[in-house]
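To start, the structure itself, in structure tokens.
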Amino acid sequence: MSTAHCVERAVVTGAAGFIGSHLVDALLQRGTTVLGVDRRSPRDNAMAAENLASALGRPGFRLVQGDLVTDEIKPWVDGADAVFHLAAIPGVRPSWGDSFGEYVACNVLATQRLLDACVSCSVPRLVLASSSSVYGDATGKGPLHEECLTAPLSPYGVTKLAAERLALAYALAPASPTSVVALRYFTVYGPRQRQDMAIGRMLRAVRTGQPLRLYGDGRQRRDFTYVADAVAATAAAATAEATAEAVNVGGGDSVSVLDVLSRIAEITGAEVPVHGDTHQPGDVQVTEADLTKARELLGYEPSVTLAEGIRRQWRSLSVVAPDDTYGSKESR
12 MSTAHCVERA VVTGAAGFIG SHLVDALLQR GTTVLGVDRR SPRDNAMAAE NLASALGRPG
72 FRLVQGDLVT DEIKPWVDGA DAVFHLAAIP GVRPSWGDSF GEYVACNVLA TQRLLDACVS
132 CSVPRLVLAS SSSVYGDATG KGPLHEECLT APLSPYGVTK LAAERLALAY ALAPASPTSV
192 VALRYFTVYG PRQRQDMAIG RMLRAVRTGQ PLRLYGDGRQ RRDFTYVADA VAATAAAATA
252 EATAEAVNVG GGDSVSVLDV LSRIAEITGA EVPVHGDTHQ PGDVQVTEAD LTKARELLGY
312 EPSVTLAEGI RRQWRSLSVV APDDTYGSKE SR
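The sequence shown begins at 12 in this note's numbering and counts up by one.
Right, dumping it as structure tokens:
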């Protein structure tokens with residue numbers, strides 16, 4: 012097993028995204044110098060501007076607008092103690108059909124190019140954002156541990172598994188200078204959550220009164236992970252003793268969508284308006300994480316309950332989206 016160096020300089024890809032922007036804030040708070048990389052610019056993307064509002068202008072932070080698929084990467088990662096690779100195209104349903112080529116480019120090819128650059132520049136550690144989607148459905152299997160069969164049920168999940176296997180292969184190559192920890196996030200939620208994700212859509216449905224499109228019967232279960240817990244695990248992965256490891260990051264409990272709707276009604280004082288729809292391709296019935304390895308390797312313990320996390324997200328909600336439809340599978 013190897014140990015990454017102390018993280019004085021970090022690179023965060025996908026820095027303007029949901030988890031990426033929270034990670035940037037946490038690293039800056041620790042005194043780490045951070046280079047953020049994202050295709051979006053706060054100058055012309057409102058969500059990027061909102062997500063990075065607390066980081067922009069702070070000492071120690073620089074944002075580069077760049078594309079991992081086409082741009083030269085080595086200048087960004089040269090001299091970094093750790094690279095946190097969170098850039099990807101998310102979403103199960105949009106990954107079917109003609110858009111798959113873009114998923115492959117952004118989730119697989121971009122990861123391979125970044126790995127090449129990290130190895131060339133002798134970056135000690137790459138932390139990869141993987142996904143619970145690599146497992147497929149956990150129905151009847153109990154909490155899934157990292158040695159369980161990976162059987163993704165969507166093109167998105169296939170690209171995340173491919174990226175993960177690529178990263179671990181690079182780390183296991185003879186004399187590789189770059190070790191890898193791939194984090195399998197389970198349905199991360201909280202302030203700044205992507206607008207296509209479940210809890211944010213539920214809360215906006217309460218705000219707007221526009222019905223939430225609920226796919227399936229609501230009995231599908233998700234292991235919801237509060238973003239601050241996901242970030243704590245991600246930061247810990249930069250210095251964990253590891254060479255090539257995949258690690259679950261979950262919330263510690265698998266909860267039905269119906270139960271989430273009930274908790275939101277209690278917290279907001281209003282029922283979530285719902286419009287039922289059919290089960291969609293790629294959706295899984297159950298996700299549930301075994302956190303034994305995360306506890307042992309990362310010292311990870313989820314600290315924010317689902318009820319408290321929903322309260323925090325409800326208090327932070329400031330953008331009302333006009334189109335609130337619920338997709339039952341979110342991985343990041």
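No residue lacks a Cβ here, since even glycine has one placed at the ideal position from N, Cα and C.
Inset, instruction - Verify whether the separation of the beta carbon atoms of L34 and A26 is less than 9 Å. - result: Locating residue 34 in the sequence shown gives position 23, counting from the first residue. Locating residue 26 in the sequence shown gives position 15, counting from the first residue. Yes, Cβ-Cβ distance for L34 and A26 is below 9 Å.
Legend entry - Contacting residues, own chain, Cβ-Cβ under 8 Å from Q40 (five flanking each side not counted): Counting from one through the sequence shown, the residue named residue 40 turns up at place 29. Nothing meets the Cβ criterion.
Inset, instruction - State whether the stretch 211–227 contacts the stretch 148–157, with contact taken as three or more CB pairs (one from each stretch) at a distance under 8 Å. - result: No: fewer than three Cβ pairs fall under 8 Å.
Inset, instruction - Give the straight-line distance between the Cα atoms of L302 and T236, rounded to the nearest whole angstrom. - result: Counting from one through the sequence shown, the residue named residue 302 turns up at place 291. Counting from one through the sequence shown, the residue named residue 236 turns up at place 225. Whole-angstrom Cα-Cα distance: 12 Å.
Legend entry - Cα-Cα separation, A244 to A21: Residue 244 sits at position 233 when you count from the first residue of the sequence shown. Residue 21 sits at position 10 when you count from the first residue of the sequence shown. Rounded to whole angstroms, A244 to A21 spans 16 Å at the Cα level.
Inset, instruction - Evaluate K85 with the Cβ neighbour count: other Cβ atoms within 10 Å of its Cβ, from every protein chain shown; 16 or more gives buried, anything less gives exposed. - result: Taking the sequence shown and counting its residues from 1, one reaches residue 85 at position 74. The residue is exposed, with fewer than 16 neighbouring Cβ atoms inside 10 Å.
Legend entry - Coil, strand or helix - R73 by DSSP: Sequence index remark: in the sequence shown, residue 73 carries index 62 (1-based). In this structure, R73 counts as strand in the three-state DSSP scheme.
Inset, instruction - Round the Cβ separation of V138 and A249 to the nearest angstrom and send it over; I've been treating them as touching at under 8 Å. - result: What you label residue 138 is simply residue 127 of the sequence shown in a count that begins at 1. What you label residue 249 is simply residue 238 of the sequence shown in a count that begins at 1. Between A249 and V138 the Cβ distance is about 6 Å, and since that is below 8 Å, they are a contact.
Inset, instruction - Please list, in chain order, all residues of the same chain as S32 whose beta carbon is under 8 Å from its beta carbon, the five residues on each side excluded. - result: For the purposes of this step, residue 32 is taken as the residue at position 21 of the sequence shown. Closer than 8 Å at Cβ, skipping near neighbours: A26, N62, L63, A66, R203.
Legend entry - Spatial distance of A257 from L194 (CA atoms): Position 246 of the sequence shown, counted from the first residue, corresponds to residue 257. Position 183 of the sequence shown, counted from the first residue, corresponds to residue 194. If I take the Cα positions, the gap works out to 6 Å.
Inset, instruction - Tell me where the alpha helix (DSSP H) around S273 begins and ends. - result: Your numbering for residue 273 matches position 262 in the sequence shown. Taken as a continuous stretch (DSSP letters only), the alpha helix (DSSP H) holding S273 covers 268–279.
Inset, instruction - Check whether the stretch 151–170 touches the stretch 206–220, taking contact to mean three or more Cβ pairs, one atom from each stretch, closer than 8 Å. - result: no
Inset, instruction - Report the partner residues of L39 according to the DSSP bridge assignment. - result: To locate residue 39, count along the sequence shown from 1; it is residue 28. According to DSSP, which records beta bridges pairwise, L39 is partnered with nothing at all.
Inset, instruction - Could you name the residues of the same chain whose beta carbon sits closer than 7 Å to that of E175, not counting the 5 residues immediately before and after it, in chain order? - result: The residue labelled residue 175 in the question sits at position 164 within the sequence shown. Excluding sequence neighbours, E175 sits near L139, S141, V145, A193, A257.
Inset, instruction - Please state whether DSSP places G262 in a helix, a strand or coil. - result: Sequence index remark: in the sequence shown, residue 262 carries index 251 (1-based). It is coil, neither helix nor strand.
Inset, instruction - Answer yes or no: do C132 and D92 have a C-beta to C-beta separation smaller than 9 Å? - result: The residue given as residue 132 occupies position 121 in the sequence shown. The residue given as residue 92 occupies position 81 in the sequence shown. Not a contact, by the Cβ cut-off of 9 Å.
Inset, instruction - Tell whether a beta-carbon distance below 9 Å holds between R54 and G77. - result: Counting from one through the sequence shown, the residue named residue 54 turns up at place 43. Counting from one through the sequence shown, the residue named residue 77 turns up at place 66. No, these two residues do not count as a Cβ contact at 9 Å.
Inset, instruction - Pull up the distance between the alpha-carbon of L317 and that of S327, whole angstroms please. - result: Translated into the one-based positions of the sequence shown, residue 317 becomes position 306. Translated into the one-based positions of the sequence shown, residue 327 becomes position 316. Approximately 15 Å between the Cα atoms of the pair.
Legend entry - Any alpha helix (DSSP H) of 4 or more consecutive residues that is wholly inside the stretch 99–164: 111–114, 121–131
Legend entry - Residue from V134, R205, E299, I30 whose Cα sits closest to the Cα of N259: In the sequence shown, counting from the first residue as 1, residue 259 sits at position 248. Answer by Cα proximity: E299.
Inset, instruction - Pick helix, strand or coil for L179, following the three-state DSSP scheme. - result: Start at 1 with the first residue of the sequence shown, and residue 179 comes out as number 168. Helix.
Legend entry - Three-way DSSP call (helix, strand, coil) for D334 in this model: For the purposes of this step, residue 334 is identified with residue 323 of the sequence shown, where counting begins at 1. At D334, the pLDDT of 41 sits below 50, so the modelled position is not reliable; the number obtained from the coordinates is stated separately. Secondary structure of D334 (DSSP, three-state): coil.
Legend entry - Burial state of S314, where buried means 16 or more other Cβ atoms lie within 10 Å: Locating residue 314 in the sequence shown gives position 303, counting from the first residue. Exposed, by the Cβ-count rule.
Legend entry - Simplified DSSP state of G168, which is helix, strand or coil: The residue you call residue 168 lines up with position 157 of the sequence shown. Of the three classes helix, strand and coil, the one that applies to G168 here is helix, per DSSP.
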